[in-house]
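Worksheet: the structure to be examined is printed underneath.
There are 2 protein chains.
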Amino acid sequence: MARTSQQTTWQSVRDEVLRRIQSRDWKPGEPIPHEADLAREFGCARATMNRALRDIADSGLIERRRRAGSRVALHPVRKATLDIPVIRIEIEARGETHAYRLIECALEAPPPQVAARLNAASGQAMLHVVGLHMADGKPYAFEDRWINPESVPEALTADFTRISPNEWLVLNVPVEGGDITFAATEATAAEARALECRPGAALFVTKRTTWRGEARLTTVRQLFAPGYGMKTLI
Amino acid sequence: MARTSQQTTWQSVRDEVLRRIQSRDWKPGEPIPHEADLAREFGCARATMNRALRDIADSGLIERRRRAGSRVALHPVRKATLDIPVIRIEIEARGETHAYRLIECALEAPPPQVAARLNAASGQAMLHVVGLHMADGKPYAFEDRWINPESVPEALTADFTRISPNEWLVLNVPVEGGDITFAATEATAAEARALECRPGAALFVTKRTTWRGEARLTTVRQLFAPGYGMKTLI
DNA sequence: TCCTCGAATATGTATATACATAAAAAAATA
DNA sequence: TATTTTTTTATGTATATACATATTCGAGGA
């Protein structure tokens with residue numbers, strides 16, 4: 571029976587559970603009461619309690635297992651969700667103007683590392699697209715991309731002088747999954763020239779490979795100009 | 571009425587919706603049918619449909635608004651969830667041995683930048699803890715931390731030679747939220763000495779500040795040895 | 001003692017129903 | 001026409017109920 575006046579929301583229940591964990595009423599590693607008991611205590615339906623606990627479990631603070639119950643995580647792995655936007659959107663969101671300058675676009679044999687990431691024989695030719703993202707005319711990110719023409723044949727006819735491959739792919743190629751690595755690297759001479767920084771400067775770099783099913787679609791390495799930081803909340 | 575034989579699970583419904591988005595049956599920017607209609611089509615309850623669509627919305631592929639309905643996101647912001655484990659756990663998960671070497675632990679006035687991050691007057695003394703995480707005896711991460719003694723008075727009596735501040739804080743101080751920044755930086759002479767790398771080497775760096783309510787608890791800068799990469803799936 | 005197997009149980013999920021709420025659209029008003 | 005108010009509607013959520021399923025636990029057998 572839903573009462574108009576005072577509903578128990580799953581958020582309020584979640585917050586109270588979080589409070590008990592934070593205040594160490596329920597200590598790390600210890601089990602917490604069962605859904606059903608908690609539901610009774612909070613005066614809500616078990617479904618509501620379930621929603622609250624599931625949300626907390628998603629955040630990594632409790633661990634739940636069937637039949638075994640729920641317990642406060644011993645090593646609460648902090649989970650940060652970071653948004654990986656299309657670079658143009660990222661730049662325009664800061665009120666700056668985006669431009670993409672194509673540096674190279676050719677069909678060629680990739681280095682072994684790249685071939686491996688694309689699950690291809692090392693002799694097989696791939697579409698190599700190199701370019702520079704600019705924000706308000708200043709170098710923003712250097713992008714070195716390899717596209718697998720077996721998985722994305724349309725890419726061979728795309729005009730990357732008009733649209734960045736980044737964006738073309740988002741619009742034209744459905745992606746199922748991928749992996750990303752964040753790291754730091756020193757600018758090579760060519761990279762330094764493009765990004766207008768000193769050779770050897772420390773650059774933030776992201777490497778991404780995306781796939782659909784078994785097919786490797788593309789792998790890209792983006793080098794950001796010095797000063798770039800990726801920010802997120804936990 | 572629950573049928574034993576063939577239940578419609580929210581996962582199966584979600585997968586079919588995902589398929590329609592990937593196959594461009596439903597195009598970016600376009601609205602998709604209403605929950606109720608879809609539920610009828612898939613032969614499931616609206617609650618089930620809701621669960622499926624909510625899950626997709628969480629992943630950033632569709633946008634939902636009350637009364638306005640759901641539409642395929644125009645710029646699907648890829649969301650990557652990255653786990654930020656305690657360093658010791660991270661190292662031990664790779665089968666290596668973790669050790670922490672305390673380099674400095676003193677109460678002193680922080681630089682203005684740090685004071686600002688901790689919402690404190692720049693003259694106010696903070697606990698400064700500097701140390702090095704080692705994996706199998708090799709330098710892994712250099713950690714420069716400031717702890718606000720007003721928010722975390724117990725830290726003044728903690729023995730950071732026996733336990734890393736990282737871990738001590740996880741065990742003893744409930745955290746509500748925080749922000750993280752990932753970037754690249756060049757090793758200073760002192761940092762290079764600690765990490766046994768060349769001065770000026772490009773290092774991956776994370777900066778974190780955590781809080782509870784209004785209280786700023788701690789801010790930390792972790793420099794990882796060359797070669798470190800943070801990996802995640804999307 | 002060790003193993004197998006069935007009972008018990010906490011979480012996971014599907015469903016019908018009812019109401020809440022934001023926001024768009026329509027109607028009423030100035 | 002411009003502005004305010006009301007209505008409409010799609011999503012958001014609470015609830016009771018029923019069943020599904022992974023594990024644990026204990027009993028019984030080898």
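Quick mapping for you: the protein sequence lines, in order, are chains A and B. With the working numbering as the guide, the letters of the first sequence map in order to residues 571 to 804. With the working numbering as the guide, the letters of the second sequence map in order to residues 571 to 804. Think of the CB as a built atom: it goes at the ideal place given N, C-alpha and C, for glycine as much as any other residue. Please read these numbers as outputs of a predicted model, since none were measured by experiment.
One question on the structure: do B/Ala-759 and B/Pro-769 come within less than 7 Å of each other, judged by their Cβ atoms? Walking along the second sequence from the start, residue 759 of chain B turns up at place 189. Walking along the second sequence from the start, residue 769 of chain B turns up at place 199. Remark: C-beta atoms of B/Ala-759 and B/Pro-769 approach each other more closely than 7 Å.
Report yes if the CB atom of A/Gly-630 is closer than 7 Å to the CB atom of A/His-604, and no otherwise. By one-based count along the first sequence, residue 630 of chain A stands at place 60. By one-based count along the first sequence, residue 604 of chain A stands at place 34. The criterion of a C-beta distance shorter than 7 Å is not satisfied by A/Gly-630 and A/His-604.
Check B/Met-571 in the structure and name its three-state DSSP category. In the second sequence, the residue the question calls residue 571 of chain B occupies position 1. Unreliable positioning characterises B/Met-571 in this predicted model, as indicated by a pLDDT of 37, which lies under 50. A coordinate reading is not provided.
Interface residues of chain A facing B/Met-800 [CB-CB closer than 9 Å]: The residue labelled residue 800 of chain B in the question sits at position 230 within the second sequence. Counting only Cβ-Cβ distances below 9 Å, B/Met-800 has contacts in chain A at Ile-750, Thr-751, Phe-752 and Ala-753, in chain order.
How would you label B/Ile-673, buried or exposed, when you count the other beta carbons within 10 angstroms and need 16 or more for buried? Looking up residue 673 of chain B in the second sequence gives position 103. It is exposed - the Cβ of B/Ile-673 has fewer than 16 other Cβ atoms within 10 Å.
Compute the distance between the beta-carbons of A/Pro-796 and A/Ala-771, then report whether it is under 7 Å. Position 226 of the first sequence, counted from the start, is the residue given in the question as residue 796 of chain A. Position 201 of the first sequence, counted from the start, is the residue given in the question as residue 771 of chain A. Result yes, Cβ atoms of A/Pro-796 and A/Ala-771 sit closer than 7 Å.
Any C-beta of chain A sitting closer than 7 Å to the C-beta of B/Thr-651? For this step, residue 651 of chain B is matched to residue 81 along the second sequence. With 7 Å as the cut-off, B/Thr-651 counts as an interface residue toward chain A.
Between A/Val-656 and A/Pro-744, what straight-line distance do the alpha-carbon atoms span, to the nearest angstrom? The count along the first sequence starts at 1 and reaches residue 656 of chain A at position 86. The count along the first sequence starts at 1 and reaches residue 744 of chain A at position 174. Taking the straight line from one Cα to the other gives about 15 Å.
Can you list, in chain order, the stretches of the beta strand (DSSP E) that have 3 or more residues and sit fully within the segment 634–684 of chain B? DSSP assignment within the segment 634–684 of chain B yields the following whole beta strand (DSSP E) runs of 3 residues or more, N-terminal first: 639–642, 648–654 and 668–678.
Cutting at 6 Å between CB atoms, please list the residues of its own chain near A/Arg-687, excluding the five before and the five after it. Counted from its first residue, the first sequence places residue 687 of chain A at position 117. Excluding sequence neighbours, A/Arg-687 sits near Thr-779 and Thr-789.
Which residue comes first and which comes last in the alpha helix (DSSP H) that contains B/Arg-624? By 1-based counting over the second sequence, the position of residue 624 of chain B is 54. 616–628 is the span of the alpha helix (DSSP H), which, as asked, contains B/Arg-624.
Would you mind working out which of B/Glu-766, B/Lys-597, B/Tyr-670 and B/Leu-652 sits nearest B/Ile-750, comparing C-alpha positions? Looking up residue 750 of chain B in the second sequence gives position 180. Checking every option, the nearest Cα to that of B/Ile-750 belongs to B/Leu-652.
Nearest-angstrom Cβ-Cβ length linking A/Arg-654 and B/Val-647, presumed shorter than 8 Å: Start at 1 with the first residue of the first sequence, and residue 654 of chain A comes out as number 84. Start at 1 with the first residue of the second sequence, and residue 647 of chain B comes out as number 77. Per the sequence shown, residue 654 of chain A should be read as Ile rather than Arg. Going by Cβ atoms, the distance from A/Ile-654 to B/Val-647 rounds to 7 Å, so yes, they are a contact pair.
Restricting to Cα atoms, I'd like to know which of B/Ala-725, B/Lys-708, B/Val-583 and B/Ala-650 is closest to B/Leu-677. Translated into positions along the second sequence, residue 677 of chain B becomes position 107. Of B/Ala-725, B/Lys-708, B/Val-583 and B/Ala-650, the smallest CA-CA separation from B/Leu-677 is found for B/Ala-725.
Compare the Cα-Cα distances from B/Gln-792 to each of B/Trp-781, B/Pro-709 and B/Ser-721 and report the closest residue. Here residue 792 of chain B corresponds to residue number 222 of the second sequence, with the count starting at 1. B/Gln-792 has its Cα closest to that of B/Pro-709, out of B/Trp-781, B/Pro-709 and B/Ser-721.
What span of residues does the beta strand (DSSP E) with B/Gln-792 cover, start to end? Taking the first residue of the second sequence as 1, we reach residue 792 of chain B at position 222. Per DSSP, B/Gln-792 belongs to the beta strand (DSSP E) from 785–794.
Are the CB atoms of A/Arg-782 and A/Glu-746 nearer to each other than 7 Å? As a position in the first sequence, residue 782 of chain A is number 212, starting the count at 1. As a position in the first sequence, residue 746 of chain A is number 176, starting the count at 1. Yes, the Cβ-Cβ distance between A/Arg-782 and A/Glu-746 is below 7 Å.
Can we say the segment 578–595 of chain B touches the segment 609–625 of chain B, given the rule of at least three CB pairs closer than 8 Å? Cβ pair count under 8 Å is three or more, so yes.
Along the chain, where does the alpha helix (DSSP H) that runs through B/Ile-591 open and close? As a working mapping, residue 591 of chain B is identified with position 21 in the second sequence. For B/Ile-591, the enclosing alpha helix (DSSP H) begins and ends at 580–592.
Looking only at its chain, what residues have a beta carbon closer than 7 Å to the beta carbon of A/Ser-721, apart from the 5 residues adjacent to it on each side? Translated into the one-based positions of the first sequence, residue 721 of chain A becomes position 151. Same-chain partners within the cutoff: Ala-785, Arg-786 and Leu-787.
B/Phe-752 vs A/Phe-752 beta-carbon contact at 7 Å: Numbered from 1 along the second sequence, position 182 holds the residue referred to as residue 752 of chain B. Numbered from 1 along the first sequence, position 182 holds the residue referred to as residue 752 of chain A. Closer than 7 Å, so yes.
Burial state of A/Ser-805, where buried means 16 or more other Cβ atoms lie within 10 Å: Any property of residue 805 of chain A remains undetermined from this structure, which presents chain A solely from 571 to 804.
Determine the contact status of B/Asp-628 and B/Arg-584, defining contact as a CB-CB distance below 7 Å. By one-based count along the second sequence, residue 628 of chain B stands at place 58. By one-based count along the second sequence, residue 584 of chain B stands at place 14. For B/Asp-628 and B/Arg-584, no; Cβs fall outside 7 Å.
For A/Arg-634 and B/Ile-661, I'd like the C-alpha separation in whole angstroms. Position 64 of the first sequence holds residue 634 of chain A. Position 91 of the second sequence holds residue 661 of chain B. Looking at the two C-alpha atoms, the distance is approximately 25 Å.
Spatial neighbours of B/Asp-706 in its chain, beta-carbon cut-off 6 Å, leaving aside the 5 residues before and after: In the second sequence, counting from the first residue as 1, residue 706 of chain B sits at position 136. Once the five neighbours on either side are set aside, the close Cβ partners of B/Asp-706 are Glu-666 and Thr-667.
Would you mind telling me which residues of chain B sit closer than 7 Å to A/Val-656, beta carbon to beta carbon, in chain order? One-based indexing of the first sequence puts residue 656 of chain A at position 86. Those are His-645, listed as they occur along chain B.
Residue span of the alpha helix (DSSP H) that contains A/Ala-609, given as start and end: In the first sequence, counting from the first residue as 1, residue 609 of chain A sits at position 39. Annotation: the continuous alpha helix (DSSP H) that includes A/Ala-609 extends over 605–612.
Grouping DSSP H, G and I as helix and E and B as strand, with all else coil, what is B/Pro-601? Position 31 of the second sequence holds residue 601 of chain B. Residue state, collapsed to three classes: strand.
Going along chain A, which residues have a C-beta under 9 Å from B/Leu-773? In the second sequence, counting from the first residue as 1, residue 773 of chain B sits at position 203. Near B/Leu-773 (Cβ distances below 9 Å), the residues of chain A are Ala-754 and Ala-772.
Going by C-alpha distance, which of A/Pro-735, A/Cys-767 and A/Gly-693 is nearest A/Pro-681? Walking along the first sequence from the start, residue 681 of chain A turns up at place 111. Proximity to A/Pro-681 across A/Pro-735, A/Cys-767 and A/Gly-693 peaks at A/Gly-693, based on C-alpha coordinates.
Start and end residues, alpha helix (DSSP H) containing A/Leu-739: Taking the first sequence and counting its residues from 1, the one referred to as residue 739 of chain A is at position 169. Looking at the DSSP string, the run of the alpha helix (DSSP H) that includes A/Leu-739 is 735–742.
Buried or exposed: which applies to B/Leu-702, given that a residue is buried once 16 or more other Cβ atoms fall within 10 Å of its Cβ? Looking up residue 702 of chain B in the second sequence gives position 132. So B/Leu-702 counts as buried.
If we ignore side chains and look at the alpha-carbon of each, how far apart do A/Ser-734 and A/Ala-650 end up? Residue mapping note: residue 734 of chain A aligns to position 164 of the first sequence, counting from 1. Residue mapping note: residue 650 of chain A aligns to position 80 of the first sequence, counting from 1. Rounded to the nearest angstrom, the two C-alpha atoms are 28 Å apart.
Classification of A/Thr-727 by the beta-carbon crowding that lies within 10 angstroms, buried from 16 upward: Position 157 of the first sequence, counted from the start, is the residue given in the question as residue 727 of chain A. Exposed, since its Cβ has fewer than 16 Cβ neighbours within 10 Å.
Let me know the secondary structure DSSP gives A/Ala-705 once reduced to three states. Here residue 705 of chain A is taken as the residue at index 135 of the first sequence, counted from 1. DSSP places A/Ala-705 in the strand class (E or B) of the three-state scheme.
Continuous beta strand (DSSP E) stretch holding A/Arg-778: start and end: As a working mapping, residue 778 of chain A is identified with position 208 in the first sequence. Here the beta strand (DSSP E) through A/Arg-778 covers 772–782.
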